[in-house]
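For reference, the structure discussed in these notes is given below.
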Amino acid sequence: MLTPSLPKNDPDPVKRQDLLRRQKQVYIYDSVNGITLVKDLPTHENFSISYQVMRGKGFSALIANGVATRVENIFDPFDTLEDYEELFPILPKPTSIKTWQSNTGFAYQRLAGANPLVIRGISSLPDNFPVSDAIFQKAMGPDKTIDSEAAKGNLFLADYAPLNNLTLGSYQKGMKTVTAPLVLFCWRARGLRGQGGLVPVAIQLYQDPTQPNQRIYTPDDGLNWLMAKIFVQIADGNHHELVSHLSHTHLVAEAFVLDTATELAINHPLAILLRPHFQFTLAINSLAESELINPGGFVDRLLAGTLEASIEIIKTSYRQRLDNFADYTLPKQLAFRQVDDTSLLPDYPYRDDALLLWQATETYVKDYLSLYYTSDADVNGDTELQAWVRKLMSPEGGGIKKLVSDGELDTLAKLVEVVTQIIFVAGPQHAAVNYPQYDYLAFCPNIPLAGYQSPPKAAEEVDIDYILRLLPPQSQAAYQLEIMQTLTAFQFNRFGYPSRSAFPDQRTYPILAVFQAKLKAIENEIDRRNSTRFTPYIFLKPSRIPNSINI
53 MLTPSLPKND PDPVKRQDLL RRQKQVYIYD SVNGITLVKD LPTHENFSIS
103 YQVMRGKGFS ALIANGVATR VENIFDPFDT LEDYEELFPI LPKPTSIKTW
153 QSNTGFAYQR LAGANPLVIR GISSLPDNFP VSDAIFQKAM GPDKTIDSEA
203 AKGNLFLADY APLNNLTLGS YQKGMKTVTA PLVLFCWRAR GLRGQGGLVP
253 VAIQLYQDPT QPNQRIYTPD DGLNWLMAKI FVQIADGNHH ELVSHLSHTH
303 LVAEAFVLDT ATELAINHPL AILLRPHFQF TLAINSLAES ELINPGGFVD
353 RLLAGTLEAS IEIIKTSYRQ RLDNFADYTL PKQLAFRQVD DTSLLPDYPY
403 RDDALLLWQA TETYVKDYLS LYYTSDADVN GDTELQAWVR KLMSPEGGGI
453 KKLVSDGELD TLAKLVEVVT QIIFVAGPQH AAVNYPQYDY LAFCPNIPLA
503 GYQSPPKAAE EVDIDYILRL LPPQSQAAYQ LEIMQTLTAF QFNRFGYPSR
553 SAFPDQRTYP ILAVFQAKLK AIENEIDRRN STRFTPYIFL KPSRIPNSIN
603 I
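Numbering (our numbering), first residue to last: 53 to 603.
Structural data, given as structure tokens:
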């Protein structure tokens, strides 16, 4: 590899420009449904032999499990809830099998599940969610009121408005179902030290409270409460797959992979820093486009909406993410959702573990970039970096309207923030939404990706037969397990541990060593925290985080 240098310091600028021109010829932009993608996957971006071997081992376990599983009457419901557990004769049984029906487990998934990114603090109820004190007190006791708990900062909301009016998909026996629920939670403190937990208080299945047959469900409602929770989980699963996972990690990352390849020379220090975090991202996105987001694929077959409707949600969330990129740093997002105050929400595993990783990554990025940018003038004077910024913000490139808050990437501090977010998305953030899928979605009664019965009328009391008909039928449940195992079967590389050859500048070795030492300390801290958590949160343990979005 060429010696790392900024353009102004390169001893052979002619060769540098020639190499950069070649890169531009290989990485061709395409716009698919308004999303920036590579037109044709460059050969050298494809999966390595070692990657394919690891992937094959994951398939072997899945095939063996499938052979040992008996799925009969594939489009019919199972006879009992326990039948869903029989889909795991060889594969390990997901932890959610034991907790999926409990209120504690349901609430805890907002904080440490597959999609811990929806819940937000509220100071008052939204106008379209008319929960009365009488309803509130069914869960919280006669001495609690909505106003008194709101004043203490104890109220939290999960709102699935992006799914409102989603065009429903179909399957062999009829239409799938989904709603856009609102869920009220309240933090209940216990003990002298303020320990406690999040309590689910009320569920409204639709955004419009005046809709016919509308009802607010509470934990006193028996099987109707279980039904309402299932509809929340259906909404959460669709939001997770389309927004938190696909749009906000895989697709957002692709724009940066392409712009880095076309605007930064291979020996640019920033390109060298980012390259390990881009490994196989184009390849996995290309595979997803051809096998998962296509007619008859995962999104079309399992999720609740039509393929076209699901793609619209992807497009909308992708555009929102890139139009406001600077606002999506982890600290800003936690503050925006009003979940950053640990005194108000003491137990939030995703937040607490993610912040450790964000801070360590930020320090690593700053220390590395400071080797090459000794002043803000160096940032302004880097012609390739500024071309990278322009391409990222151009409609013909990344289309990112708000790369930085004020529109100008003119200081080292701003560059550090942008690069920290890129690396965090590629590593910890993707791990946080990808690897929990086996524990929480492989056992589909916990998070079905569609319902198969319409919600009941307001006065209707459901029974266990309704619950079984609402949940995915046998073939859908088996396919959902297959996809979730495939997406979580292995970890190809490790966050913070690139190959030594990836960094030709020996001055970077001590910086990388310090980062790795911090990651080990974070691992120990997370292990300590997990000893007292409701369920150990293992998905942000540094040793379990890949370096890049590659699965």
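Think of the CB as a built atom: it goes at the ideal place given N, C-alpha and C, for glycine as much as any other residue.
Whole angstroms are fine: how far does the CA of Ala254 sit from the CA of Val170?
For Val170 and Ala254, the gap between their C-alpha atoms comes out near 16 Å.
Buried/exposed call for Asp491, threshold 16 Cβ in 10 Å:
Flag for Asp491 reads buried.
Is Thr314 near Lys91, with beta carbons less than 7 Å apart?
Against a cut-off of 7 Å, the Cβ pair of Lys91 and Thr314 comes out as no contact.
Are the Cβ atoms of Val183 and Leu218 separated by less than 7 Å?
The Cβ atoms of Val183 and Leu218 lie no closer than 7 Å to each other.
Would Tyr79 be called buried (16 or more neighbouring beta carbons within 10 Å of its own) or exposed?
Flag for Tyr79 reads buried.
From Ser506 to Thr587, what distance separates their C-alpha atoms?
C-alpha separation (whole angstroms): 32 Å.
Taking Phe591 as part of the alpha helix (DSSP H), name the residues at either end of that continuous run.
Here Phe591 belongs to no alpha helix (DSSP H), and DSSP marks it neither H nor E.
The stretch 295-313 contacting the stretch 326-343, beta-carbon criterion three pairs below 8 Å:
Counting Cβ pairs under 8 Å, three or more are found: they touch.
What does Ile363 pair with, by DSSP beta-bridge criteria?
Bridge partners of Ile363: none, in fact.
Cα-Cα separation, Phe544 to Val119
Between Phe544 and Val119, the alpha-carbon positions lie close to 26 Å from each other.
Is it right to say Thr95 is buried, meaning 16 or more other beta carbons lie within 10 angstroms of its own, or is it exposed?
Result: exposed.
DSSP state of Trp410 mapped onto helix, strand, coil:
Taken through DSSP and simplified to helix, strand or coil, Trp410 comes out as helix.
By how many angstroms is the C-alpha of Leu374 removed from the C-alpha of Ser176?
Rounded to the nearest whole angstrom, the C-alpha separation of Ser176 and Leu374 is 29 Å.
Leaving aside the five residues before and after Thr560 along the sequence, list all residues of the same chain whose C-beta is less than 8 Å from its C-beta, in chain order.
Only Tyr420 and Leu423 meet the Cβ criterion.
Alpha helix (DSSP H) containing Gln526: first to last residue?
First-last of the alpha helix (DSSP H) with Gln526: Gln526 to Thr540.
Expressed to the nearest angstrom, what Euclidean distance is found between the alpha-carbon atoms of Asp379 and Ile187?
Between the alpha carbons of Asp379 and Ile187 lies a gap of roughly 36 Å.
Quick check: what's the CA-CA separation for Gly459 versus Leu339?
In this structure, the straight-line span from the alpha carbon of Gly459 to that of Leu339 is close to 34 Å.
Residue environment, Leu275, which counts as buried when at least 16 other CB atoms sit within 10 Å:
Exposed, by the Cβ-count rule.
Quick test of the definition: if touching needs 3 or more C-beta pairs under 8 Å, does the stretch 315-322 touch the stretch 434-443?
Three or more beta-carbon pairs separated by less than 8 Å link the stretch 315-322 to the stretch 434-443, which places the two stretches in contact.
With DSSP collapsed to three states, give me the class of Thr95.
The three-state reading of DSSP puts Thr95 in helix, counting H, G and I together.
Is Val253 helix, strand or coil by DSSP?
Looking at Val253 - three-state DSSP - the assignment turns out to be strand.
Limits of the beta strand (DSSP E) - the one that Ser83 falls within:
It spans Tyr81 to Val84 - the beta strand (DSSP E) in which Ser83 sits, taken as one unbroken run.
Find the nearest neighbour of Thr413 within the set Arg242, Gly479, Leu386 and Leu501, judged by alpha-carbon distance.
Considering only Arg242, Gly479, Leu386 and Leu501, the residue with the shortest C-alpha distance to Thr413 is Gly479.
Between which two residues does the alpha helix (DSSP H) containing Val235 stretch?
Run containing Val235: none in the alpha helix (DSSP H); it sits in the beta strand (DSSP E), Leu234 to Arg242.
Have a look at the DSSP bridge pairing and note the partners of Gln247.
Its beta-bridge partners are Arg242.
With a CB to CB cut of under 7 Å and the five nearest residues on each side skipped, what residues in its chain are close to Leu359?
The residues are Pro347, Val351 and Asp352.
7 Å Cβ cutoff met for Thr151 and Leu139
No, these two residues do not count as a Cβ contact at 7 Å.
Out of curiosity, what's the CA-to-CA distance linking Asn61 and Ser427?
Each residue's Cα considered, the two are about 15 Å apart.
What does DSSP give as the partner residue(s) for Val309 in the beta ladder?
Its beta-bridge partners do not exist; DSSP assigns none.
Sequence-distant residues of the same chain with beta carbon closer than 6 Å to Leu325, five excluded per side
Result list for Leu325: Tyr420, in chain order.
Span of the beta strand (DSSP E) around Asp211
Counted as a single uninterrupted DSSP element, the beta strand (DSSP E) harbouring Asp211 occupies residues Leu207 to Asp211.
According to DSSP, simplified to helix, strand and coil, what is Ser38?
The structure shown does not extend to residue 38, since the chain spans only 53 to 603, so no value can be given for it.
Measure the alpha-carbon distance for Pro550 versus Asp131 and round it to whole angstroms.
In this model, Pro550 and Asp131 are separated by some 49 Å (Cα to Cα).
Tell me Arg172's beta-bridge partners as DSSP assigns them.
Beta-bridge partners assigned by DSSP to Arg172: Leu209.
Is Ser148 near Asn498, with beta carbons less than 7 Å apart?
Yes, the pair counts as a contact, with Cβ atoms nearer than the cut-off.
Contact between the stretch 470-487 and the stretch 588-600 is defined here as three or more beta-carbon pairs at a separation below 8 Å; is this criterion met?
Under the three-pair Cβ rule at 8 Å, the stretch 470-487 counts as touching the stretch 588-600.
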